[in-house]
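Worksheet: one structure, shown below.
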Amino acid sequence: MMRHWAAGAFLLIGCRAPESKLPATDVLRFGVGHMGGSTFFVVHSDGTAEYSSSGGPQGSVKVTGKVPPEELEQLAALLQENDFCSNVSTRSTGVPDEAFPSASVRMHGIDCKVSMWDGEFRDDEE
Numbered sequence: 051m052m053r054h055w056a057a058g059a060f061l062l063i064g065c066r067a068p069e070s071k072l073p074a075t076d077v078l079r080f081g082v083g084h085m086g087g088s089t090f091f092v093v094h095s096d097g098t099a100e101y102s103s104s105g106g107p108q109g110s111v112k113v114t115g116k117v118p119p120e121e122l123e124q125l126a127a128l129l130q131e132n133d134f135c136s137n138v139s140t141r142s143t144g145v146p147d148e149a150f151p152s153a154s155v156r157m158h159g160i161d162c163k164v165s166m167w168d169g170e171f172r173d174d175e176e
């Protein structure tokens, strides 16, 4: 009986994305490197945001901006509503040249890093 309980507890704990490990100055990070370049986006705790992309048809792009607190609150509510931190990869390796996007979030009670192979995530199951 104890073995079944331990296995069940492991499954519940193992089905969550790991903590974000974001620096104290960041609330959101997204990044993906791929065959054609890379894309990164970060939102700092003061709302400033930075976007950078390299390897695309326009070459390297860097943009800075500001994300209002209300929009971060709306994003946090959406992530909580859809249990963002329950997204975990089911594969240990990808196929050749497959991207491995990663999103880290630490705000409003959410703290996780979700990384999945490009062909693994679908938000349109129908």
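Just so it is clear: in the sequence shown, position 108 is 158 by this note's numbering, and no numbers are missing.
Glycine is no exception: its CB is placed at the ideal position from the N, C-alpha and C atoms.
Predicted model only: the values in this text are computed from it and were never measured.
Quick one: grab the DSSP three-state call for residue i.
i: residue 78; result: strand
i: residue 95; result: coil
i: residue 134; result: helix
i: residue 126; result: helix
i: residue 148; result: coil
i: residue 69; result: coil
i: residue 100; result: strand
Grab me the residues of residue i's own chain with a C-beta within less than 6 Å of its C-beta, minus the 5 sequence neighbours each way, in chain order.
i: residue 166; result: 139
i: residue 154; result: 70, 72, 79, 163
i: residue 168; result: 148, 149
i: residue 68; result: 163
i: residue 115; result: 99
i: residue 85; result: 147
i: residue 95; result: 75, 77
Find the nearest neighbour of residue i within the set the options, judged by alpha-carbon distance.
i: residue 171; options: 155, 157, 144, 162; result: 144
i: residue 118; options: 154, 77, 84; result: 77
i: residue 91; options: 137, 157, 111, 135; result: 111
i: residue 87; options: 105, 75, 127; result: 105
i: residue 82; options: 161, 95, 68, 101; result: 101
i: residue 160; options: 141, 146, 132; result: 132
i: residue 108; options: 89, 93, 134; result: 89
i: residue 66; options: 135, 151, 141, 142; result: 135
Below 7 Å CB to CB, which residues in the same chain sit around residue i once its five sequence neighbours on both sides are set aside?
i: residue 126; result: 157, 158, 160
i: residue 53; result: Confidence at residue 53 is low in this model, with a pLDDT of 45, below 50, so its placement is unreliable and no value can be given for it.
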